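Numbering (my numbering), first residue to last: 9 to 173.
Input: a single structure, listed below in structure tokens.
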Amino acid sequence: MQVLQMQMEVGVDPAEVGRARRWARSRLAGSGIGVDEPLAETLILLISELVTNAVVHTGCPAVLRMFFPGAAGAAGPAAGPGAGTVRVEVADISARPPRRRCAKGDETGGRGLELVDGLADRWGWQQEGSGKRIWCEVDRRPAPARALPRWNSAFEPQHAVTNGA
């Protein structure tokens, strides 16, 4: 199966979050996902949260990657268990693992990974060189009703959370 991969470098300026959203939105059409589809809005929100975490919590540059298996323009059939799965990754050079924060009341931050957990079908992180890569996946085909999100070991190295499985 062919996979269409796109990536952009993200600087440490908070304005990079908006630039990442605009960049991702402009790339969705080439992947066969219409910008007005609910999947597009979900992906843009996930990208926004992951890039925000990298910019705000690491102070390091990052790389945003999107993977579209069987995407328009990629040769080969879209077959197999992950054929309809879009993957988003943000890699940075900080070895600091992601940390769940519990926002209270009117706090404006601390909900990013909670949103990722609720919107993505799967997500996790792993060490990569001296840094890490945080990833999430969204299935393009309808999934069965999801169970409540589980936080069990997604914050441990080499672990992932799968929602609705």
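C-beta: ideal position from N, C-alpha, C; glycine also.
Computed from a predicted model, the values in this text were never measured in an experiment.
Reference residue i; option with closest CA among the options
{"i": "Leu51", "options": "Leu127, Arg141, Ser138, Gly26", "result": "Leu127"}
{"i": "Val11", "options": "Met74, Pro46, Glu49", "result": "Met74"}
{"i": "Glu136", "options": "Val124, Val146, Val98", "result": "Val98"}
{"i": "Pro77", "options": "Arg107, Asn61, Ala103, Ile41", "result": "Ile41"}
{"i": "Leu36", "options": "Ala23, Asn61, Glu145, Val94", "result": "Val94"}
Whole-angstrom distance between residue j and residue i, CA atom to CA atom
{"i": "Gln15", "j": "Asp114", "result": "34 Å"}
{"i": "Gly120", "j": "Leu58", "result": "7 Å"}
{"i": "Gly26", "j": "Pro105", "result": "24 Å"}
{"i": "Ile8", "j": "Thr60", "result": "As shown, the chain starts at 9 and ends at 173. That puts residue 8 outside it, with no answer to give."}
{"i": "Leu47", "j": "Ile101", "result": "29 Å"}
{"i": "Arg108", "j": "Glu122", "result": "8 Å"}
{"i": "Glu49", "j": "Cys144", "result": "15 Å"}
{"i": "Pro22", "j": "Leu53", "result": "15 Å"}
{"i": "Glu183", "j": "Gly132", "result": "Residue coverage of the chain in this structure runs from 9 to 173, which leaves residue 183 outside it and unanswerable."}
Residues that DSSP places opposite residue i in a beta bridge
{"i": "Gln135", "result": "Lys140"}
{"i": "Leu12", "result": "Phe76"}
{"i": "Asp147", "result": "Thr93"}
{"i": "Glu17", "result": "Val71"}
Own chain, CB closer than 7 Å to residue i, minus 5 neighbours either side, in chain order
{"i": "Ile55", "result": "Ala28, Arg29, Ala32, Leu72, Val96"}
{"i": "Val20", "result": "Val63, Gly67, Cys68, Pro69"}
{"i": "Asp147", "result": "Gly92, Thr93, Asp129"}
Same chain, Cβ closer than 6 Å to residue i, five either side skipped, listed in chain order
{"i": "His65", "result": "none"}
{"i": "Lys140", "result": "Trp133"}
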